[in-house]
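Here the structure comes first, spelled out in C-alpha cells, and everything after it is commentary.
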RNA sequence: GGAGCGGUGGCAGAGUGGCCGAAUGCGCCGGUCUUGAAAACCGGAGAUCGAAAGAUCCGGGGGUUCAAAUCCCUCCCGCUCCGCCA
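This is the structure we're talking about:
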C-alpha cells in the first residue's frame, strides 16, 4: 500500500511512477479524489464530536452541581446532534473503506533503478556465470521427468493419482534429495538468519499483509470451512511475524528464514511449463526474509541476492541474474532480481529465486513499524525477501546436470553429508 | 466439542458509567549527588490522523447512553477443568 500523503503531495509523481508499471492514471486520480472527500467529511465529523464531547462534560458538571434543569436542557441539545453525527459517521466510514480498497489494489511504485520494459522479454540480463553450453554431453540432455521415471525417484503419475496433475511424488533417493537441498540451504544461511517453522495455514489478515489478497485470491488455496489460506510462500507468515508490532531500530535488520511447503493454484498458467517439476501446485522452499530500516534495505537486497546465488554455486551449477523490468514487476515489488539456473535436460533457464525489495508496501498493510534510536515516534519498516532455495527446479537442475553416461547421478559433494554416505543415485 | 474465567501503557497491575489517555510498582530516558557506578532524590516519556484546533485508541467489531476501560451482543485470543487425540 502506498502512502496517501504521497498522493496529496505529489500526485503527478505517483502517476508517473505507476505509469511505468502500466497503471492507468485515472485510478490514481480516483484515489486522490476519494481521499480529499473523506478528509472533508472526517473534519466535519470531528468538529461535531468535539461539540458533543464538550456538552457531555458540561452535563456531568451540571449534574454534580445538582443543577438538573441545566443538565436536562444540555442533554436535549446533545441528543439533537445525534442524527447529524450518525450521517457524517457512516459517510466518513464509507469513504475511508473505499479509499482503502483502492489503495490496497494500487501497486508499489517501482524503483527508479528498475529498468523500463513491457514484459519479461525486457528484463535485463545482469550477468551469467559458470555457463558453457559446450560442456554438456548427450547423457545430460535428458529431461528430469524421464530421469525420475528411469531411476524411480520421481513419480508424477502417482502424484496425479493422489492429488491431481502438477503434484509431485518424490520417492527414495529423490525424496532424500529434495530434503537434502532444503537442509543444505538452511545450514548455509543459519549463520545470520534465524530459522523459523511457521504455520502453513494462515488468516486472511496475514495474506493481506504480504500482498496476495485481495487482488490475487485466485492464486491461493483457501480452506473455506475454517477461513484459512494455504501459504504460497513462507513470505506470507514471515512478514506477519512482526505485524502490528513496533520493533527497536537496534534489532534491525531482523533476519528470518523458514523452510515451508508452498501452495499455488497456478490458475493463470494452465498448459505452460507443466512438464515434470517446472510448475507444481505444492513444493518446498527455504525462504530468507528481512525487516530493515529504509537505509539498510538496499544493502540487504544485495545480501539476499548473494545468498540466493550462494545456493546455486554451492551445488556447482551455472546461474544468471536478471534485473526485472517495470512491466514484469509484481504489484508489491519495488525492485526485484531473479536468479536462474540452467537445466541441460530441458535446455531451459529455471527461475530458482526471486529477490525482492518491497519498501514499506507490506509494512503499511500490516502496520509493521520500528522506533528510531534517534528522534521520536515510529517509522514503517522495509521488508525484503528471496528464496534461498526452491526445491523442484533445483532438484531438476541437479538431476539433469549430474547425470552420468551410465544413467546414474553423481551427487555434488556438498550434498554427501545428507545422503548417509551415498555419493550417487542409481536405479533401484 | 462442553463448562468456567480472563484480555488495560515496554512489563506487572489498579480502575465497575462522567473529574480516566488511564493510579501504583518495575523497567526506560534526563538531571542532582559521586573519582566512577550503585542507592537515594528530582524531572521526563504512548500511538494514529490533522497545518492547527481537535478527533480516535483500554483485544476486534457492533449496541445502550447526553456520556463507556466500566453495561449488553458478537468475534478473536489466552488460561483452567472435562472430552478427544499425534
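Residue numbers (my numbering): 286 to 713. Built from N, CA and C at the ideal position, the CB exists for glycine as well.
Asked	Found
Residue 323, enclosing alpha helix (DSSP H) - first and last residue	310-349
Distance, residue 417 Cα to residue 465 Cα	27 Å
Distance between residue 431 and residue 562 (C-alpha atoms, nearest Å)	11 Å
Rounded Cβ spacing between residue 714 and residue 608 (contact assumed at less than 8 Å)	Absent from the structure is residue 714, since the part of the chain shown begins at 286 and ends at 713.
Distance, residue 523 Cα to residue 610 Cα	26 Å
Local Cβ density within 10 Å of residue 477, reported as buried at 16 or more and exposed below that	exposed
Reference residue 595, options 472, 504, 566, 486, closest by Cα	472
C-beta atoms of residue 492 and residue 514 nearer than 8 Å	yes
Pairwise C-alpha distance: residue 409 and residue 618	16 Å
For residue 671, the first and last residue of its enclosing beta strand (DSSP E)	667-675
Proximal residues to residue 340 (C-beta, below 7 Å), its chain only, five neighbours per side dropped	359, 362, 363
Cα-Cα separation between residue 507 and residue 672, rounded to whole angstroms	23 Å
C-alpha gap between residue 424 and residue 564, whole angstroms	24 Å
Any 3 or more C-beta pairs closer than 8 Å across the segment 661-671 and the segment 576-595	yes
Selected residue, minimal CA-CA separation from residue 451, among 336, 394, 405, 567	567
When 388, 534, 371, 637 are compared against residue 291, the one with the closest alpha-carbon	388
C-beta atoms of residue 454 and residue 440 nearer than 8 Å	yes
Sheet register partners of residue 427 (DSSP bridge)	Residue 427 pairs with nothing; no bridge assigned.
Three-way DSSP call (helix, strand, coil) for residue 583 in this model	helix
Cβ contact (3+ pairs, closer than 8 Å) linking the segment 650-667 and the segment 391-409	no
Boundaries (first-last residue) of the beta strand (DSSP E) holding residue 698	No beta strand (DSSP E) holds residue 698; DSSP gives it neither H nor E.
Residue 492 CB to nearest heavy atom of the ligand GDP below 7 Å	Among the components modelled here there is no ligand, and therefore nothing to report on the ligand GDP.
Start-end ranges of the beta strand (DSSP E) lying completely within the segment 590-619, minimum 3 residues	604-608
Reference residue 449, options 681, 559, 629, 307, closest by Cα	559
Sequence-distant residues of its chain with Cβ nearer than 6 Å to residue 459 (five each side left out)	438, 439
Residue 623 in three-state terms, based on DSSP	strand
Alpha-carbon to alpha-carbon, residue 542 and residue 647	18 Å
Whole-Å CB distance - residue 394 paired with residue 287, under 8 Å assumed	7 Å
Simplified DSSP state of residue 663, which is helix, strand or coil	coil
Extent of the continuous alpha helix (DSSP H) to which residue 656 belongs	Not the alpha helix (DSSP H): residue 656 falls in the beta strand (DSSP E), residues 654-656.
C-alpha gap between residue 644 and residue 651, whole angstroms	13 Å
Where residue 635 sits in the DSSP three-state scheme	strand
Residue 316, buried or exposed, once every other Cβ within 10 Å from all chains shown has been counted against 16	buried
Three-state secondary structure assigned by DSSP to residue 455	strand
Buried or exposed (CB count within 10 angstroms, at least 16 for buried), residue 536	exposed
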